[in-house]
Amino acid sequence: MMPVAYRGSGGCTGRSTSETRTPSLAISSSVIVSGKSSHESNPQHSSDPPPLRPSRIQKQLPGPAMATAPAPTTAAPAPPAAAAAVPSASVPRGQVDLVDFIDWTGVECLNQDPAHPIANAFKQGYREDDGLHLASDSDEQLLIYIPFMQVIKLHSVLFKGPEEEGPKSVKLFSNKEHMGFSNVNDFPPSDSVDLSSSHLLESKPVTLKYVKFQNVRSLTMFIEDNQSGADITQIQKIALYGTTVDTTNMKDLKKIEEH
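Numbering of the sequence shown is given in my numbering, commencing with residue 356 and proceeding in unit increments.
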């Protein structure tokens, strides 16, 4: 495998020949009201009320339209209460999604396809879009560097991807900087994950060796191969779950260390 530049100024790059320092709902046309109908209270107006325009929420929550019925002589029964929102089952109990604690100015990804960058799989709003994904470029491997704004404890990771091109073997390194494809195998990983197709299709988090990720300032992930041995690896979503250790901002800490 050719060597590669890893740490940069916060961008992502592909492989290179030299290694440098890088770190509708349908609505019925009439409305049922309680008590007397509008026909009875105002006999001069006998036409039906105009149809309601469907709202954004109604378009997202389709259901059967109410059938047109004459105005009841008694109060109409209250509609059933809407179901309560169900929290994401993928977030492990007691943990939080660490996406808000990532220092995006320092995130890097080596060997990414410029047309399908790391933001597609990592950033909120992008990673929920099934039409977007992260893809490798010259071969199936990816090397991702993620710095944090606060020290964190990493509990588990989640990968979502296609059944064949989705990642399989993933090595995770805690607080290892300046890594490239030329030396990534020179260091023992803090943990290794062997993903199955069920992990990728059902969005199942994988619990890590928690004791190895108690004081994490940065995380490096080496995507070594994919499920089918295809030339290109695709990832639709990456999520990191854990907790923060304290409220120290890593950017402020670096400024103090420089003086």
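Every residue, glycine too, gets a C-beta built ideally from N, C-alpha and C.
- Of 447, 585, 492, the smallest CA-CA separation from residue 518 is found for 585.
- Inter-residue distance for residue 552 and residue 478 is about 23 Å (C-alpha atoms, whole angstroms).
- Positions of the beta strand (DSSP E) runs, each at least 3 residues long and wholly inside the segment 453 to 522, are given as 463 to 465, 497 to 515 in order along the chain.
- DSSP places residue 566 within a helical segment (H, G or I) once states are collapsed to three.
- Under a 10 Å Cβ-count criterion, residue 565 is classified as exposed, with fewer than 16 other Cβ atoms of the shown protein chains found around its own Cβ.
- If you look at residue 552, you'll find it in the alpha helix (DSSP H) that goes 552 to 557.
- In the structure shown, residue 540 adopts helical secondary structure according to DSSP, grouped into three states.
- Taking C-beta atoms as the reference points, residue 512 and residue 571 fail to come closer than 8 Å.
- Under the three-pair Cβ rule at 8 Å, the segment 459 to 469 counts as touching the segment 480 to 490.
- Annotated three-state conformation of residue 545 is coil, per DSSP.
- Secondary structure of residue 530 (DSSP, three-state): coil.
- Rounded to whole angstroms, the gap between the alpha carbons of residue 451 and residue 540 is 30 Å.
- In the same chain as residue 531, and ignoring 5 residues on each side of it, the C-beta atoms closer than 7 Å to its own belong to 542, 575, in chain order.
- Scanning its chain for C-beta atoms nearer than 8 Å, with the 5 sequence neighbours on each side dropped, one finds around residue 456 the residues 503, 504, 505, 507, 599, in chain order.
- With a threshold of 16 other beta carbon atoms within 10 Å, residue 482 meets it and is buried.
- Here DSSP, grouped into helix, strand and coil, assigns residue 446 to coil.
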